[in-house]
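Per the working numbering, the very first residue in the sequence shown carries number -3; after that it's consecutive. Where is the CB? At the ideal position from N, CA and C, for every residue including glycine. As structure tokens, the structure follows; a few thoughts come after it.
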Amino acid sequence: MTRPFIIAVDGPAASGKGTVATRLGRELGLPVLDTGLLYRAVGVLTERAGEDPDDPAAATAVASALSPDQLDDPGLRTRAAGELASRVAVHAGVRAALLAFQRTFASQDGGAVLDGRDIGTVICPEAPAKLYVTATAEVRAERRWKQLKGQGETVAFDDVLADIIKRDARDGGRDTAPMQAAPDAVLLDTTEMSIEQAADAARRIVEAARALWERSR
Ligand code: C5P
């Protein structure tokens, strides 16, 4: 059996990792999973059920019952959903409930691209290609602010920056699967890069990883 070529793309909010993952998937003909959507869905559905997202048992029950058709909801892309996602993502039970779905997605024939916070460290530590995409908090806040504005959400830039800083601290400081670069991940700082430049750099990193992987098979 051939091992799947898995590309792990991790990094903080609005670093460009989603765009990079989508481009890589399109160019290489691989399916892409935005794992942030899983946590967003759990956060939003927990709140919609009238439960407390900070309650591990309530959020874990929602995560255990989650189905892929619940990930298409445009309500998952809002600023509030990002905050709810980060709150439920601290619970070990929620993370455990979402593990099998992510690993099954990653192990499909040919491979897959997964973007998130713990793909290279916890979900697919064996992935032959790992990127950790970053940018300064200010640049990420500007990107997120423009994106939210494009979606019709009116919000002050300073509030978006405060969200990003708070989310970085929560995601990086939690006990279970904190956001961090895997020791063998290649760092891609997109602060000074356009989308095209970031996508080109990511492609080069993945091509180099693929060449090494082919030789090791
Ligand atoms: O990437 P996105 O902004 O959609 O992620 C929303 C939140 O979901 C993150 O801030 C993080 O708390 C959580 N998350 C996670 N692990 C992942 C993906 C997302 O903890 N693999």
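> Is the segment 132 to 139 touching the segment 45 to 56, taking contact as three or more C-beta pairs under 8 Å?
Replying inline: no
>> Beta-carbon within less than 6 Å of Tyr128's beta-carbon, same chain only, minus the 5 sequence neighbours each way: which residues are those?
In response: Asp6, Gly7, Ala177, Ala181 and Leu183
>> Out of Ser82, Leu72, Ala92 and Pro70, which one is the CA nearest neighbour of Ala61?
In response: Ala92
> Can Ala204 be considered in contact with the ligand C5P, in the sense that its beta carbon sits closer than 6 Å to one or more heavy atoms?
Replying inline: no
> When you compare each of Leu95, Leu72, Ala123 and Val118 to Phe1 by their alpha carbons, which one comes out closest?
Replying inline: Ala123
>> According to DSSP, is Val151 part of a helix, a strand, or is it coil?
In response: coil
>> To the nearest angstrom, how far is the alpha carbon of Gln143 from that of Arg73?
In response: Distance between the alpha carbons of Gln143 and Arg73: 10 Å.
> How big is the Cα-Cα spacing for Gly71 and Asp30?
Replying inline: 15 Å
> Quick one: Cα of Ala81 to Cα of Val40, how far?
Replying inline: 8 Å
>> Would you say the beta carbon of Asp159 is closer than 6 Å to some non-hydrogen atom of the ligand C5P?
In response: no
>> If you reduce the DSSP assignment to three classes, tell me which class Ala77 lands in.
In response: Correct three-state label for Ala77: helix.
>> My assumption, with CB atoms under 8 Å, is that Arg199 sits in contact with Leu20. Please give the rounded CB distance.
In response: 7 Å
> Taking the alpha-carbon positions, what's the Asp196 to Leu26 distance?
Replying inline: Those two C-alpha atoms are separated by around 17 Å.
> Quick one: what does DSSP say Ala197 is sitting in, helix, strand or coil?
Replying inline: helix
> Can you give the Cα-Cα distance for Ala152 and Ile161, rounded to whole angstroms?
Replying inline: Spanning the alpha carbons of Ala152 and Ile161 requires a straight line of approximately 15 Å.
>> Tell me the rounded alpha-carbon separation between Leu110 and Thr187.
In response: Each residue's alpha carbon lies about 22 Å from the other.
>> Taking 6 Å as the cut-off, is the C-beta of Tyr35 nearer than that to any heavy atom in the ligand C5P?
In response: yes
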